[in-house]
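Notes for the one structure printed next.
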Amino acid sequence: MDAAKSTLTGCGRETKHRLHVGRRSVPDSCLDWRCPIGQPLISHGHSVEFLRLPGSVWRIGRDMAYEISVNLEYAFQDAGESIEQRIDAAAAAGFRYVELFLLKGRDLPAIREALERNAVKLVSTVADYATQLVDPQTHEDFCAIFRKAAQDALFLGCSNVVVTSGRAVPWLTRPVQLRIFADALTRLLPIAEELGVTIYLESANTRHDHPGVLCSTTQDSVCVVEMLSSPHVRLIYDLYHSVVEGEDPAEVMPRVMHLTDHVQIGDVPGRGEPGSGTIDWPAQLALLKALGYKGLIGLELKPTRAPTADALSYIQQLCAVA
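Each residue of the sequence shown is one higher than the one before, counting from 6 in the numbering used here.
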């Protein structure tokens, strides 16, 4: 397939790459590379899904690149304390998708207004952190917690709710504990089906960030997803947690991609933005592309420098040409 060549600059580097529009090539002469920031390029009457972002970064449409979602618990803290301020800042930096943790106790109408005002979509939230679901006595109360979390998420236009396993216990084997966790999710399934939401399971490393958590390896969450075998229970693959736990993404991702709805990333060491650590991000994005992953790239990470928009410009650049 022919393609138009262009130059993308960002993070102090200039990179040659190719741009495609659908299945047709677009000659350089047809593109107005001087378009204003935030406006789509126009190819002689044909709208092209390229956006020029601050810092001379170009975003390419969904068929040709990865969209990014940003976790606002960590990112854009430099914009202010409120989630609404961070939504405004994320939108100004060119991000159309965001993620949040707990919604309990937050000003949901204000958050909803900020999302709608900026045409930003909330991708996922978390039901609860504290509940230890390996204890069957917690399951009944957790159903009410999950229902409220799902209803709040839906109020914000979000249909994905993360359910964490909580801490493991030393007196039961791991397979037994994973079965109990699956039993808890079985009780949530009728609620998820009723409300039309998807339960996301995510493993979190126990070596550094979450000591004692039950689902620490990717395989732990995979086992539970496979036990449930429901379209309402899907996997988040967090590359940062996977690497810190000692896994090789090149070995793990091919085995789990068919169960994965969402991929999150952060660099190692430190959980900073891509480029702050040692992970080869062009190679990781190429692997995702080769595996046929078409979802979002979630930035659940802690920027190492401000402003956040500058810290995230490198991964924006990479995703735009992935």
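C-beta: ideal position from N, C-alpha, C; glycine also.
Assignment of Glu72 by DSSP, reduced to helix, strand and coil, places it in the coil class. For Lys126, there is no enclosing alpha helix (DSSP H); the enclosing beta strand (DSSP E) has its first and last residue at Lys126 to Val131. Following the DSSP letters along the chain, one finds Arg239 inside the beta strand (DSSP E) bounded by residues Val238 to Asp243. Val248 is not a Cβ neighbour of Ile196, given a cutoff of 8 Å.
Assigned with DSSP and collapsed to three states, Glu86 falls in coil, not helix or strand. Asn123 is bridged by DSSP to nothing; it lacks a bridge partner. In this structure, the CA atom of Gly303 is about 23 Å from the CA atom of Ser235. Residue burial is scored here from C-beta neighbours: Val181 has fewer than 16 other C-beta atoms within 10 angstroms and is therefore classed as exposed. Pro279 counts as buried, since at least 16 other C-beta atoms from the protein chains shown sit within 10 angstroms of its C-beta.
Bridge partners of Glu278 according to DSSP: none are assigned. In the three-state DSSP reduction, Val103 falls in the strand class (E or B).
Taking C-beta atoms as the reference points, Asp140 and Leu113 fail to come closer than 8 Å. Membership of Tyr79 in any beta strand (DSSP E) is not indicated, and neither H nor E is assigned to it by DSSP.
Around the beta carbon of Trp176, fewer than 16 other beta carbons lie within 10 angstroms, which makes this residue exposed. For Val166, the uninterrupted beta strand (DSSP E) run begins and ends at Asn165 to Val167, by DSSP. According to DSSP, Ile204 shares a beta bridge with Val166 and Val238. Counting along the chain, Val268 sits inside the beta strand (DSSP E) bounded by residues Thr265 to Ile270. Gly251 and Ile116 have their alpha carbons spaced roughly 37 Å apart.
DSSP places Ile320 inside the alpha helix (DSSP H), whose first and last residues are Ser318 to Ala325. In the assembly as shown, Pro287 is an exposed residue. Its beta-carbon has fewer than 16 other beta-carbons within 10 Å. Going by DSSP, Leu159 is part of no beta strand (DSSP E) but of the alpha helix (DSSP H) stretching over His144 to Phe160. Taking a contact as a CB-CB distance under 8 Å, the pair Val229 and Phe186 counts as one, their CB atoms being some 6 Å apart. Within the same chain, and ignoring the five residues on either side of Asp266 in sequence, the residues whose Cβ sits closer than 8 Å to its Cβ are Asn165, Thr203, Tyr205, Arg239, Leu240, Ile241 and Gly300. In this chain, the alpha helix (DSSP H) harbouring Leu290 covers Trp286 to Ala295. Taking C-beta atoms as the reference points, Pro312 and Asp93 fail to come closer than 8 Å.
When the beta-carbon positions are compared, Pro254 and Gln224 stay at least 8 Å from each other.
If the five residues before and after Lys153 are omitted, its C-beta is found closer than 8 Å to the C-beta atoms of Lys109, all from its own chain and listed in chain order. Annotated three-state conformation of Leu113 is helix, per DSSP. DSSP places Leu233 in the uninterrupted alpha helix (DSSP H) bounded by Thr223 to Leu233.
In this structure, the beta-carbon distance from Arg172 to Gln137 falls below 8 Å. A distance below 6 Å between beta-carbons, with the five flanking residues on each side excluded, links Leu183 to the following residues of its chain, in chain order: Cys228 and Val229.
Residue range Ile302 to Leu304 is occupied by the beta strand (DSSP E) that includes Leu304.
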